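Please read the structure below before turning to the comments.
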Ligand SMILES: *Cc1c(COP(=O)(O)O)cnc(C)c1O
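In the working numbering, the protein residues as written are 28 to 423.
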């Protein structure tokens, strides 16, 4: 099928939530993608920070194929071997003592909200309120659009979920004020992704942690986008010398196979008891086998460190570009999540880069977002920077 045929079928049969698009990718390898007409692209978006190891990583592909031949699904009425292997690996590499698996980021955050509310309910304490930041993004279910601090995602979906309130990001005093006695949990992205790649000041998360500890409020970190090596550490909170009570993961966890996870301390895990929560597909053999292979590859010595170095190289190159082009307002990021804020809408620049066979995307109207697979090379980065320079060149 050619691109135009795929487009026609899409427009006829798919509910139009994603709008018009130009391309249909049919094959990938590493940081390369090929469209239905055979054209090759360099991928600096990784399917929205998902294929952190690159497309069709051989070890993940092998794990998927081997598991598909062995057993795809049985349900959580039985123990699941790759699921417990994944949980043990995640415990080894994080603060968390226990895990619950589901299918994606929104579901992981739903699990986090539910365990937080149930934790206080079990203690007989009235603390059902959850605080979330302005400009945040936590998913598209009703509870997670309520937590998402961007009105455009909530429009027309009233009534939303009660007792979820918002506070200004990167302002610990504002959070202190918002923390009334009914607040049981605070959810935060260590770096806001969809909201425009917003990096808080260096001591913010530490101050939030101290405040939450002081008030015994559960701190939930949404690492759905920032986790799994994206920022130059396995989890972004490692940069700040803190640990949350609860953490959610998804995007990069299965390197493209759908999976979400909610991990927490032993103490927070007491919120859930048998029957409190469930998910038919959650932690199924196929997705967890893919995630085990993904974590093993990500945590191989030197892998994430190399990505961190490359991120720094990319960041500095973009900063140099910002000095040359007055259209660039700011360059922000950590590791390989980098936002270039422009003084104008970025959609035309995304188009120009696509014409140059480079895939990237926006994070809001004015921010260009680069979230490449972590395996990209210095040559790839140089190529993208030169293409962006050219795309900005004509009218700067
Ligand atoms: C993408 C994202 C989500 C939602 O994940 P889905 O798998 O689309 O439900 C939640 N939180 C953050 C920070 C994200 O970037």
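Where is the CB? At the ideal position from N, CA and C, for every residue including glycine.
Computed from a predicted model, the values in this text were never measured in an experiment.
| Asked | Found |
| --- | --- |
| Counted within 10 angstroms of its Cβ, other Cβ atoms place residue 135 as buried (16 or more) or exposed | buried |
| Exposure of residue 382, with buried meaning 16 or more beta-carbon neighbours within 10 Å | exposed |
| Residues near residue 309 in its chain [Cβ-Cβ closer than 6 Å; skip 5 each side] | 128 and 129 |
| Residue 123 vs residue 290 beta-carbon contact at 8 Å | yes |
| Residue 244 beta carbon less than 8 Å from that of residue 298 | no |
| With 16 other Cβ atoms within 10 Å as the buried cut-off, status of residue 369 | buried |
| Reference residue 393, options 354, 402, 414 and 408, closest by Cα | 354 |
| Cβ-Cβ separation, residue 216 to residue 253 (assumed contact under 8 Å), whole Å | 6 Å |
| Buried versus exposed call for residue 100 [16 or more other C-beta atoms within 10 Å across all chains shown] | exposed |
| Bridge partners - residue 360, DSSP secondary structure assignment | 365 |
| Distance CB(residue 220)-CB(residue 361) smaller than 8 Å | no |
| For residue 373, the nearest candidate out of 385, 389 and 222 (CA to CA) | 389 |
| Where residue 231 sits in the DSSP three-state scheme | helix |
| Length of the line joining the Cα atoms of residue 270 and residue 92 | 35 Å |
| Reduced DSSP category for residue 262 - H, G, I as helix; E, B as strand; rest coil | coil |
| Nearest-angstrom Cβ-Cβ length linking residue 214 and residue 142, presumed shorter than 8 Å | That belief does not hold up - the Cβ atoms of residue 214 and residue 142 are roughly 12 Å apart, past 8 Å. |
| Residue 159 - partner residues in DSSP beta bridges | 193 and 214 |
| Proximity test, residue 127 beta-carbon vs ligand 1 heavy atom, cut-off 7 Å | no |
| Rounded straight-line distance, which links the Cα of residue 365 to that of residue 416 | 16 Å |
| In chain order, each alpha helix (DSSP H) run of at least 4 residues that lies wholly inside the stretch 267-342 | 293-296 and 312-325 |
| Under 8 Å between C-beta atoms of residue 408 and residue 340 | yes |
| Per-residue burial, residue 120 [other beta carbons within 10 Å of its own, 16 or more giving buried] | exposed |
| Cβ shell of residue 334 (< 7 Å), same chain only, five flanking positions each side left out | 256, 259, 362, 363 and 401 |
| Residues near residue 7 in its chain [Cβ-Cβ closer than 7 Å; skip 5 each side] | The question about residue 7 has no answer here: the residues shown for the chain are numbered 28 through 423. |
| Residue 278: CB within 7 Å of a non-hydrogen atom of ligand 1 | yes |
| beta-carbon residue 288 near ligand 1 non-hydrogen atom, thresh 7 Å | no |
| According to DSSP, residues forming a beta bridge with residue 67 | 61 |
| Coarse secondary structure for residue 387, derived from DSSP in three states | coil |
| Residues bridged to residue 91 (per DSSP) | DSSP lists no partner for residue 91. |
| Alpha carbon of residue 429 to alpha carbon of residue 296, nearest angstrom | Missing from the structure shown is residue 429; the chain here goes from 28 to 423 and no further. |
| Length of the line joining the Cα atoms of residue 391 and residue 106 | 42 Å |
| Where residue 344 falls, given that 16 or more other Cβ within 10 Å makes a residue buried | buried |
| Anticipated Cβ contact below 8 Å, residue 228 with residue 197, distance rounded | 6 Å |
| Residue 184, enclosing beta strand (DSSP E) - first and last residue | From DSSP, residue 184 is part of no beta strand (DSSP E); its letter is neither H nor E. |
| Three-way DSSP call (helix, strand, coil) for residue 40 in this model | helix |
| Any non-hydrogen atom of ligand 1 within 7 Å of residue 249 CB | yes |
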